[in-house]
């Protein structure tokens, strides 16, 4: 069942906005490029949620309820999904009822009837990947936009969405899960081209704020921890091109990590449903690098202007857990 707006006027407004947002323009290299202008006053607000698609179970519905409340308060422009959109094994096809049961029928708040920009997670790769990328899903629910890797320009910032699952060696060694590697093979060529295209796009970007989004963490003290392949291949490109934030899911927690060797803030928002209580690297928990860690369900909000960025983490009750602000590139924790 397609989620509808409360009034005809709202529906027409949403349709017009979607047509504007989904306009594809010439891209840097081979990465598809989308436009989503900031508000007229120069502000941009969005929510980030990851690892959510469980038909409302494991508090997914409760998190969605609070997302709707915060989304209305902040007047958000869109939502970012950091992957693992549908559990346990992605979608079986474009007609899989899990799409509506885990997405359309869960995120029903008026404030969430905005574009969702999504990347694929490792669980998504266990299903029919092409289904999540298919425009057929956009006809079922116009909010849905999922690509492997792409660029989103918002005038205030450019977002670089990266398909991180093919980087991870362990998935190619697994025998107990089957992955849909269509469109990714040969792997080495795929990763080489992706990194080349990403580096080219970042280098040519004139955005004052550059934000990267992927499913897997570069830095994390959660269940999965750091991703060595991303540290080796992706991180140097992000550092060399002044990326400000790296946003990910994968670990079912909320966290902010800042390392002394890089100005990048590593933000994990993978707590959209099932959380892993107590599953943390205790040895690193009290490290100076770890600015915030929470092992329960929740989500994250980001507000941007040209001079300021505000990141807030919320729990399943909508309670503010941690707030971090940056003013004109002068970093300070709050």
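Numbering (my numbering), first residue to last: 1 to 334. Using N, Cα and C, we set each Cβ at its ideal position, and we do this for glycine too.
The alpha helix (DSSP H) enclosing residue i, as first and last residue numbers
{"i": "residue 315", "result": "Counting along the chain, residue 315 falls outside any alpha helix (DSSP H), though it belongs to the beta strand (DSSP E) covering 308-315."}
{"i": "residue 301", "result": "First-last for residue 301: 298-304, but that is the beta strand (DSSP E), not the alpha helix (DSSP H)."}
{"i": "residue 33", "result": "Residue 33 -> not in any alpha helix (DSSP H); beta strand (DSSP E) instead, spanning 32-35."}
{"i": "residue 115", "result": "Element bounds for residue 115: not the alpha helix (DSSP H) but the beta strand (DSSP E), 115-118."}
{"i": "residue 139", "result": "135-140"}
{"i": "residue 70", "result": "60-74"}
Short Cβ contact (8 Å threshold) for residue i with residue j
{"i": "residue 90", "j": "residue 129", "result": "yes"}
{"i": "residue 170", "j": "residue 124", "result": "no"}
{"i": "residue 82", "j": "residue 218", "result": "no"}
{"i": "residue 327", "j": "residue 67", "result": "no"}
{"i": "residue 292", "j": "residue 313", "result": "yes"}
{"i": "residue 212", "j": "residue 44", "result": "no"}
{"i": "residue 281", "j": "residue 225", "result": "yes"}
{"i": "residue 249", "j": "residue 121", "result": "yes"}
{"i": "residue 114", "j": "residue 143", "result": "yes"}
{"i": "residue 310", "j": "residue 323", "result": "yes"}
For residue i, the first and last residue of its enclosing beta strand (DSSP E)
{"i": "residue 211", "result": "209-214"}
{"i": "residue 200", "result": "Not the beta strand (DSSP E): residue 200 falls in the alpha helix (DSSP H), residues 187-204."}
{"i": "residue 151", "result": "150-153"}
Whole-Å CB distance - residue i paired with residue j, under 8 Å assumed
{"i": "residue 184", "j": "residue 190", "result": "5 Å"}
{"i": "residue 208", "j": "residue 202", "result": "Their Cβ separation, rounded to whole angstroms, is 13 Å, which puts residue 208 and residue 202 out of contact at 8 Å."}
{"i": "residue 161", "j": "residue 147", "result": "7 Å"}
{"i": "residue 117", "j": "residue 86", "result": "Incorrect: roughly 16 Å between the Cβ atoms, too far for contact."}
{"i": "residue 278", "j": "residue 51", "result": "Actually they are not in contact, since the Cβ atoms of residue 278 and residue 51 sit about 17 Å apart, beyond 8 Å."}
{"i": "residue 88", "j": "residue 131", "result": "Actually they do not touch by this definition, with Cβ atoms about 15 Å apart."}
Residues near residue i by beta carbon distance below 6 Å, same chain, minus five either side
{"i": "residue 284", "result": "221"}
{"i": "residue 155", "result": "37, 38"}
{"i": "residue 107", "result": "64"}
{"i": "residue 199", "result": "237"}
Spatial neighbours of residue i in its chain, beta-carbon cut-off 7 Å, leaving aside the 5 residues before and after
{"i": "residue 230", "result": "164, 167, 216, 218"}
{"i": "residue 61", "result": "106"}
Beta-carbon contacts of residue i that lie in its chain and below 8 Å, excluding the five residues immediately before and after
{"i": "residue 393", "result": "One cannot answer for residue 393 here, as it falls past the ends of the chain, which runs 1 to 334."}
{"i": "residue 151", "result": "27, 28, 31, 32, 33, 34, 158, 159, 160, 161, 201"}
* Continuous alpha helix (DSSP H) assignments of at least 4 residues falling wholly in the stretch 222-276 -> 228-233, 235-240
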